[in-house]
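Shown next, in structure tokens, is the structure this report addresses.
There are 2 protein chains.
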Amino acid sequence: MSEILVVGSIAYDTITTPTGKADHALGGSANYFSLSASLYSRVRVVGVIGDDYAPSDLAKLENRDICTKGLQKVPGSTFHWEGKYEKDMNEAITLDTQLNVFENFNPELPEEYKDSKYVFLANIDPELQHRVLDQVQSPKLVGVDTMNFWIDSKIDDLKSLLKRVDVLLINEGEVRALANTWNTVAAIKELTNWGPRAVVMKRGEYGFMMYSEGQYFILPAYPVENVIDPTGAGDTFAGGFFGYLSKLNSDWKLEDVKQACIHGCLMASFTVQDFSVNALEKVDWPQVEKRQALYHKVIAHRD
Amino acid sequence: MSEILVVGSIAYDTITTPTGKADHALGGSANYFSLSASLYSRVRVVGVIGDDYAPSDLAKLENRDICTKGLQKVPGSTFHWEGKYEKDMNEAITLDTQLNVFENFNPELPEEYKDSKYVFLANIDPELQHRVLDQVQSPKLVGVDTMNFWIDSKIDDLKSLLKRVDVLLINEGEVRALANTWNTVAAIKELTNWGPRAVVMKRGEYGFMMYSEGQYFILPAYPVENVIDPTGAGDTFAGGFFGYLSKLNSDWKLEDVKQACIHGCLMASFTVQDFSVNALEKVDWPQVEKRQALYHKVIAHRD
């Protein structure tokens, strides 16, 4: 087991889905990632919160033995995102974004975080992602997420970042935008030429497609009959992915990375079953193992 | 090996995709299905063609030992569909539909077709699908496809039809329309209560999801780097599915039906690599076996 460092957003989200609404509920990539990864390893989280941040929300991480020393508390409000999902649960429509304290976020790692071996750079400005990597001494595995906004506005920073990371974990729209082609099969193959050893494309309810070392690895999502809110599923996936690998703490092996994708899927399948981190924070290891067994049944086939 | 009966459309399609255009190219569900299934078993095809139908297009089926005695040739033009795909290759936009001779199609089975054990009712008016079933003596496995037009206009005929069939093979949009819910996981489970022993949902580039006997079976599509035209992929899938099962010619076993879904995927992956039936008509059995081995590598994982 080796500790995982995550840098990302901490947010309050207001979300409407066909099944209901959550108002100012806990969100942000760093929260989803941490809670997911904490089932496997110890997590260190770096982010920024406002003076409105509830101690009970901090406790949600601390109850999972997640180190929150890297959370900067500054005057002002916590980042707030408002979005809705209409029929298509695969695509969020942004209604409002208030960056608040996130606007001037400059990630500074506490001294004791700098020896982190597993590093996940959730979706923030690629310049800041570079700055985080500059502070880590000798990471063993670095993963990165991004979004279309940075692909459009900071492509050079992003491209130089991709030369420093092992795994790119992004969704289908981001794959298409980055590789500038509609065919995601061709695109993720192309993106491995840009630096990362593996590209993991998250496909929402359809699962994932990975390309690494000349091979595709593709599997579906766990079938969830009661999807309530897909927000955070991608970051939860990344948490399961990093959690699995950091728990192993062994050298890169493609078979392990494949298994990490499956754990990403499993963890994400819990998150979508409720609003905010409500389902995720209740999951325990026996539930993960039970779902893993069910998942293997769903994809089991003769050769 | 047992013979397969298919009833469906025979068409000339004019199709534009981001990669090019095909003008009045051979299409129609019965053609895609037959060519696909003919790699496994003998196929008997029922449909209607106009007096413009090219003998060379008839020869495409006959070269594969497909019996075309059930094709009615009547005065007038063959059914013509014009459509385009924009960036999203998963969804066709219809530009023009000329039913022509298809408008008054009344499927009549030649006497020697009536003992067919495997029957696929491709997407036509559910009243006509009923009429076909009435003519078959004792089918072993009946499958049916439909479309939103019939779901909206002839739901009662469709519902009574579903009580007479073993397998419903439809796409995601049709699943949602039929079950009247957005969550396809819940929807295909619900649809098995309407009659069919198995519901197979085709998900285009994402593969398929099946529900049968209280179990989900889900796998991705074979990753195609050069998708040219997805038209006919669903009917090609059905051809591989029925082809596999009719070649086995054994009693219903869920494990066989799962394997049939994989063969559906494999066959569909050829169709999308060129316009019309161009790629499909060139496929031979060694190519299917080669792709099957590659597909198993793509989905292979530790337990």
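Protein chains in written order, with our numbering: chain A, 1 to 303; chain B, 304 to 606. Every residue, glycine too, gets a C-beta built ideally from N, C-alpha and C.
Flag this pair as yes or no: are the beta carbons of residue i and residue j separated by less than 9 Å?
{"i": "V488 of chain B", "j": "E225 of chain A", "result": "yes"}
{"i": "V351 of chain B", "j": "I313 of chain B", "result": "yes"}
{"i": "E430 of chain B", "j": "D460 of chain B", "result": "yes"}
{"i": "F573 of chain B", "j": "T534 of chain B", "result": "no"}
{"i": "K159 of chain A", "j": "P139 of chain A", "result": "no"}
{"i": "K84 of chain A", "j": "L95 of chain A", "result": "yes"}
{"i": "G234 of chain A", "j": "N148 of chain A", "result": "no"}
{"i": "N123 of chain A", "j": "W150 of chain A", "result": "yes"}
{"i": "V445 of chain B", "j": "S515 of chain B", "result": "no"}
{"i": "P526 of chain B", "j": "I218 of chain A", "result": "yes"}
{"i": "A30 of chain A", "j": "G8 of chain A", "result": "yes"}
{"i": "D57 of chain A", "j": "S77 of chain A", "result": "no"}
{"i": "A524 of chain B", "j": "L472 of chain B", "result": "no"}
{"i": "V309 of chain B", "j": "F423 of chain B", "result": "yes"}
{"i": "A22 of chain A", "j": "G240 of chain A", "result": "no"}
{"i": "G27 of chain A", "j": "I15 of chain A", "result": "yes"}
{"i": "L191 of chain A", "j": "V167 of chain A", "result": "no"}
{"i": "K417 of chain B", "j": "V439 of chain B", "result": "yes"}
{"i": "G173 of chain A", "j": "F208 of chain A", "result": "no"}
{"i": "Y315 of chain B", "j": "F408 of chain B", "result": "no"}
On the DSSP bridge list, what partners appear for residue i?
{"i": "V422 of chain B", "result": "B:L308 and B:V445"}
{"i": "R347 of chain B", "result": "B:L308 and B:C370"}
{"i": "S38 of chain A", "result": "Bridge partners of S38 of chain A: none, in fact."}
{"i": "A328 of chain B", "result": "B:D316"}
{"i": "D538 of chain B", "result": "Answer by DSSP bridge pairing: none, since D538 of chain B is not bridged."}
{"i": "K550 of chain B", "result": "Answer by DSSP bridge pairing: none, since K550 of chain B is not bridged."}
{"i": "Q401 of chain B", "result": "B:H383"}
{"i": "I124 of chain A", "result": "BP columns for I124 of chain A are empty, so no partner."}
{"i": "L472 of chain B", "result": "B:V503"}
Comparing C-alpha positions only, which one of the options sits nearest to residue i?
{"i": "K69 of chain A", "options": "A:V46, A:G214, A:P55 and A:N63", "result": "A:V46"}
{"i": "A268 of chain A", "options": "A:A177, A:G243 and A:W182", "result": "A:G243"}
{"i": "S2 of chain A", "options": "A:G28, A:G8 and A:L39", "result": "A:L39"}
{"i": "T17 of chain A", "options": "A:F275, A:K282 and A:E281", "result": "A:F275"}
{"i": "W485 of chain B", "options": "A:L161, A:T19 and A:T14", "result": "A:T19"}
{"i": "N63 of chain A", "options": "A:R42, A:N90 and A:F79", "result": "A:R42"}
{"i": "L436 of chain B", "options": "B:S339, B:E406, B:G542 and B:R467", "result": "B:R467"}
{"i": "L61 of chain A", "options": "A:L178, A:F120, A:V277 and A:E255", "result": "A:V277"}
{"i": "R605 of chain B", "options": "A:D303, A:V272 and A:I262", "result": "A:I262"}
{"i": "Y335 of chain B", "options": "B:Y598, B:E584 and B:E592", "result": "B:E584"}
{"i": "E205 of chain A", "options": "A:V101, A:G27, A:S250 and A:I228", "result": "A:I228"}
{"i": "I314 of chain A", "options": "A:Y12, A:A177 and A:L254", "result": "The displayed coordinates of chain A run from 1 to 303. Any statement about residue 314 of chain A would go beyond what the structure contains."}
{"i": "L374 of chain B", "options": "B:R594, B:Q576 and B:R347", "result": "B:R347"}
{"i": "Q215 of chain A", "options": "B:V575, B:H599 and B:T400", "result": "B:H599"}
Please classify residue i as buried or exposed, where buried requires at least 16 neighbouring CB atoms within 10 angstroms.
{"i": "A362 of chain B", "result": "exposed"}
{"i": "N193 of chain A", "result": "exposed"}
{"i": "Q129 of chain A", "result": "buried"}
{"i": "T304 of chain A", "result": "Any question about residue 304 of chain A goes unanswered here, given that chain A covers just 1 to 303."}
{"i": "W81 of chain A", "result": "buried"}
{"i": "K505 of chain B", "result": "buried"}
{"i": "K189 of chain A", "result": "buried"}
{"i": "N328 of chain B", "result": "With the sequence shown as reference, residue 328 of chain B is identified as Ala, and Asn is not the correct amino acid for it. With 16 or more other Cβ atoms within 10 Å, it is buried."}
{"i": "P499 of chain B", "result": "buried"}
{"i": "P589 of chain B", "result": "exposed"}
{"i": "D65 of chain A", "result": "exposed"}
{"i": "P107 of chain A", "result": "buried"}
Hey, is residue i's beta-carbon within less than 9 Å of any beta-carbon in chain C?
{"i": "I170 of chain A", "result": "The structure shown contains no chain C; its protein chains are A and B."}
Along the segment 217-233 of chain A, what residues have a CB closer than 7 Å to any CB found in chain B?
-> F217, I218, L219, P220, P223, V224, E225 and V227
For the segment 148-160 of chain A, which residues have a CB atom closer than 9 Å to at least one CB atom of chain B, in sequence order?
-> none
Could you run through the segment 267-293 of chain A and flag, in chain order, every residue whose CB is less than 7 Å away from some CB of chain B?
-> none
In chain order, what residues of the segment 382-395 of chain B put their CB closer than 8 Å to some CB of chain A?
-> K390, D391 and M392
Taking only beta carbons into account, state which residues of the segment 480-491 of chain B come closer than 7 Å to chain A, listed in chain order.
-> W485, N486, V488 and A489
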